[in-house]
């Protein structure tokens with residue numbers, strides 16, 4: 003049988019992308035995924051059913067029927083629903099909004115854009131490594147306005163308490179020279195004797211970052227944003243180039259890999275806090291990845307989306323400290339980025355968000371999905387007993 007272009011055949015439709023045999027007659031062919039197929043050749047990759055006239059999905063440039071596509075999605079162990087459905091249902095039901103936090107105590111204390119930017123820059127500069135050894139140390143907690151906060155929320159309210167006390171903590175001139183005594187006072191706990199881990203490293207980061215901010219950007223991060231031209235990726239590039247404390251990189255299998263968790267989080271936080279307007283408007287905000295830390299991978303592992311090898315599971319369950327840059331640590335973070343990208347892509351294929359005042363019908367992106375997953379991991383305290391997080395002590399997350 004001929005398998006070449008039958009240019010002399012008046013009813014020639016095209017060459018089938020699957021069997022590479024000519025299609026004679028328009029009624030015997032179809033066009034899908036920018037290719038031509040015999041009607042009998044355009045079938046679901048998994049179950050083999052014919053897809054003509056049916057809704058189908060493309061994964062890795064292969065067609066799937068709706069049933070097989072949904073069944074192929076990662077599912078939550080506890081409820082059996084695809085993770086994508088969980089995320090989209092939460093967003094559409096209004097249970098999760100794309101703002102930073104509903105509690106004003108853990109946000110900027112003024113509505114001025116430049117104040118918000120300087121506040122966010124300081125918070126994200128210090129936003130790393132809040133986990134503690136269960137038996138040796140108390141978790142860092144802080145009481146503020148009659149509420150108890152822990153982790154990164156404790157960091158935020160500590161900064162706000164310092165501002166309430168008249169400390170010029172957002173001034174780069176101040177924190178580039180801050181002393182350990184001053185820093186310990188700012189991060190004092192009124193609940194117990196705890197302090198954030200890595201306080202010496204936080205002091206060094208403040209000195210280094212504050213000095214660079216003064217020298218390169220006039221002491222205000224808004225000047226750095228202005229140089230980005232409204233590009234989230236350009237701003238991430240400027241951040242990691244200018245500030246070593248944000249240069250979240252490792253060597254994996256002989257190659258440099260970059261995660262840039264806090265740099266991307268900083269851009270996302272500014273985008274969210276300024277509601278995508280003014281200096282918070284970025285034309286390519288959807289290009290950011292999720293922010294690979296230890297909380298979201300923990301949630302993904304709990305829900306059965308990330309499945310660890312027996313040896314890695316032993317290390318995590320045994321609460322072994324995994325060094326930064328360790329191949330296991332890199333793979334956990336890279337796997338989390340991939341999973342969230344898949345969730346975002348799947349969600350944007352199978353769901354069209356309804357237009358409303360919260361999301362304005364915009365498609366999902368990694369920053370929004372990461373925010374939902376992170377918030378969910380924080381709210382579910384039982385995760386820490388059932389599924390330990392991977393323990394890596396680092397300034398990068």
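In this note's numbering, the protein residues as written are 3 to 399.
We put the beta carbon where it would ideally sit given N, CA and C, even for glycine.
First and last residue of the uninterrupted beta strand (DSSP E) at residue i
| i | result |
| --- | --- |
| residue 155 | First-last for residue 155: 153-166, but that is the alpha helix (DSSP H), not the beta strand (DSSP E). |
| residue 274 | No beta strand (DSSP E) contains residue 274, which is instead part of the alpha helix (DSSP H) from 263-275. |
| residue 16 | 14-17 |
| residue 145 | 143-146 |
| residue 24 | 24-26 |
Per DSSP, the bridge partner or partners of residue i
| i | result |
| --- | --- |
| residue 258 | 253 |
| residue 34 | 37 |
| residue 60 | 65 |
| residue 179 | In DSSP, residue 179 forms no bridge with anything. |
| residue 45 | 52 |
| residue 149 | 146 |
| residue 393 | 323 |
Beta-carbon contacts of residue i that lie in its chain and below 7 Å, excluding the five residues immediately before and after
| i | result |
| --- | --- |
| residue 170 | 176 |
| residue 300 | 379, 385, 389 and 391 |
| residue 101 | Model confidence at residue 101 stands at a pLDDT of 47, short of 50, so the residue's coordinates are unreliable; what they give is reported in the following sentence. Result list for residue 101: 274, in chain order. |
| residue 295 | 263 and 399 |
| residue 115 | 276, 280 and 281 |
| residue 318 | 310, 390 and 392 |
| residue 18 | 25, 38, 39, 40 and 43 |
| residue 67 | 46, 49, 51, 53, 56 and 58 |
| residue 203 | 397 |
Status (buried if at least 16 other CB within 10 Å, exposed otherwise) for residue i
| i | result |
| --- | --- |
| residue 122 | buried |
| residue 312 | exposed |
| residue 22 | exposed |
| residue 316 | exposed |
| residue 309 | exposed |
| residue 351 | exposed |
| residue 51 | exposed |
| residue 111 | exposed |
| residue 401 | The displayed coordinates of the chain run from 3 to 399. Any statement about residue 401 would go beyond what the structure contains. |
| residue 127 | buried |
| residue 13 | exposed |
| residue 290 | buried |
| residue 106 | exposed |
| residue 305 | buried |
| residue 329 | exposed |
| residue 35 | exposed |
| residue 357 | The pLDDT assigned to residue 357 is 40, lower than 50, so where the model puts this residue is not dependable, and the model offers no usable value. |
| residue 338 | buried |
| residue 212 | buried |
| residue 162 | buried |
| residue 168 | exposed |
Start and end residues, alpha helix (DSSP H) containing residue i
| i | result |
| --- | --- |
| residue 300 | 297-304 |
| residue 368 | 368-381 |
| residue 121 | 115-128 |
| residue 317 | 312-319 |
| residue 207 | 201-219 |
| residue 235 | 234-244 |
| residue 11 | That residue, residue 11, is in no alpha helix (DSSP H); it is neither H nor E in DSSP. |
| residue 224 | 223-228 |
Own chain, CB closer than 6 Å to residue i, minus 5 neighbours either side, in chain order
| i | result |
| --- | --- |
| residue 376 | 297 and 298 |
| residue 7 | Confidence at residue 7 is low in this model, with a pLDDT of 49, below 50, so the placement of that residue should be treated as unreliable; the coordinate-derived value is given next. Here the set comprises nothing. |
| residue 15 | 25, 28 and 31 |
| residue 181 | none |
| residue 149 | none |
8 Å Cβ shell around residue i - same chain, five flanking residues per side excluded
| i | result |
| --- | --- |
| residue 259 | 251, 252, 253, 332 and 336 |
| residue 152 | 132, 141, 142, 143 and 144 |
| residue 192 | 144 and 145 |
Beta carbon proximity, residue i to chain C, threshold 7 Å
| i | result |
| --- | --- |
| residue 56 | Among the protein chains of the structure shown there is no chain C, as only one such chain exists. |
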